[in-house]
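Before any comments, here is the structure.
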Amino acid sequence: MSGLSVEGLVVRFGPVVAVDDVTLRAGAGRATALLGRNGAGKSTTLRVASGVLPPTAGRVTVDGVDVVEDPLGAKRAVGYCPDVGGLVPRATPWEHLELSARLRGLRGWEPRARELLRRFDLDDVADRVTAGFSHGMGRRTSVVLAALHEPRVLLLDEPFDGVDPTGVDATLEVVREARDRGATVVVCTHLRDLAVQVCDEAVVMRGGRVVATTPVPALRGEEGARAYRDLLA
């Protein structure tokens with residue numbers, strides 16, 4: 001099965017159950033918003049889907065590849081922007097992109113890398129180490145890294161956090177482009193108003209569980225905001 005499939009996912013950290021029997025699907029050629037408050041289990045779910053964190057129980061596949069049985073194959077299919085970290089402080093954005101391209105065996109990647117850096121307003125700092133970057137600059141760099149190889153499954157965890165309008169617009173454009181070329185996109189965020197601009201459906205999590213799966217139009221406007229607040233109550 002293409003896309004992202006999560007079946008009965010459980011993740012425990014000692015006595016704490018961070019994700020509790022979560023089942024969700026995100027199809028190819030669609031953008032899915034994973035919504036909920038901080039601590040709802042959204043980021044943990046994406047960490048499992050990206051192959052960063054092993055599940056305690058359940059099954060997760062990306063682009064038809066089981067993340068436990070073939071973690072390397074799953075990682076090849078995924079472009080992942082983590083919610084925190086992911087950047088080497090003493091490396092520049094260009095060095096990050098060059099390393100990613102080498103690890104993935106990409107050829108002719110430089111023009112796309114330059115275009116992404118320009119679009120995210122990072123071209124002027126492409127040769128500066130990321131240690132001095134603001135939080136928003138780090139977020140933008142992480143999205144560029146995730147999108148570089150045009151992955152079949154694009155997982156963006158809190159890509160809008162601390163990002164200026166230019167970065168928000170560039171991220172929304174990356175999501176639209178990935179969706180239009182048939183990729184699966186999952187945008188994990190607590191910012192409902194931004195997610196509804198670009199996603200087709202929303203999965204709402206609370207307390208480690210999925211509490212609703214709904215078409216995005218149902219969450220738009222004031223009525224949608226009230227419905228969303230009710231789901232989080």
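Using the UniProt record's numbering, read the sequence shown as starting at 1 and increasing by one per residue. Cβ coordinates follow ideal geometry from the N, Cα and C atoms, glycine included.
Taking residue i as part of the alpha helix (DSSP H), name the residues at either end of that continuous run.
| i | result |
| --- | --- |
| Val198 | 192-198 |
| residue 311 | As shown, the chain starts at 1 and ends at 233. That puts residue 311 outside it, with no answer to give. |
| Arg102 | 93-104 |
| Arg76 | 71-77 |
| Ser43 | 42-49 |
| Leu231 | 221-232 |
Using a Cβ-Cβ cut-off of 7 angstroms (strictly less than) and excluding sequence neighbours within five positions of residue i, which residues of its own chain qualify?
| i | result |
| --- | --- |
| Gly138 | Leu87, Thr130 |
| Ala218 | Gly224, Ala227 |
| Arg220 | Val196 |
Within a Cβ cutoff of 8 angstroms, which residues of the same chain sit near residue i, ignoring the five residues on either side of it in sequence?
| i | result |
| --- | --- |
| Gly27 | Ser2, Gly3, Thr184 |
| Pro159 | Cys81, Arg139, Ser142, Val143, Thr171, Val187, Thr189 |
Using only alpha-carbon positions, find the residue among the options that is nearest to residue i.
| i | options | result |
| --- | --- | --- |
| Gly132 | Val17, Arg30, Pro89 | Pro89 |
| Leu148 | Leu99, Gly58, Asp230 | Leu99 |
| Pro165 | Gly105, Asp121, Arg176 | Asp121 |
| Ser43 | Arg209, Arg30, Asp124 | Arg209 |
| Ala113 | Val143, Gly221, Val168, His135 | Val143 |
| Arg206 | Gly136, Thr23, Asn38 | Asn38 |
| Asp70 | Ser50, Leu34, Glu150, Leu116 | Ser50 |
| Arg216 | Asp63, Ala31, Arg107, Asp21 | Sequence inspection shows Val at residue 216; the Arg mentioned does not correspond to that position. Val216 has its Cα closest to that of Ala31, out of Asp63, Ala31, Arg107, Asp21. |
| Val84 | Gly162, Ala126, Leu97 | Gly162 |
Just to confirm the assignment, what range does the beta strand (DSSP E) spanning residue i have?
| i | result |
| --- | --- |
| Asp21 | 16-26 |
| Pro215 | 209-215 |
| Ala57 | 57-62 |
By Cβ distance, which residues of its chain are closer than 6 angstroms to residue i, with the 5 residues on each side in sequence left out?
| i | result |
| --- | --- |
| Val48 | Pro55, Val60 |
| Val211 | Val204, Leu231 |
| Ser5 | Arg25, Thr61 |
| Leu46 | Leu155, Asp157, Cys188 |
| Gly14 | none |
message: Please give the ranges of any beta strand (DSSP E) in the stretch 137-200, keeping only runs that are unbroken, at least 3 residues long and fully inside the region.
response: 153-157, 184-189
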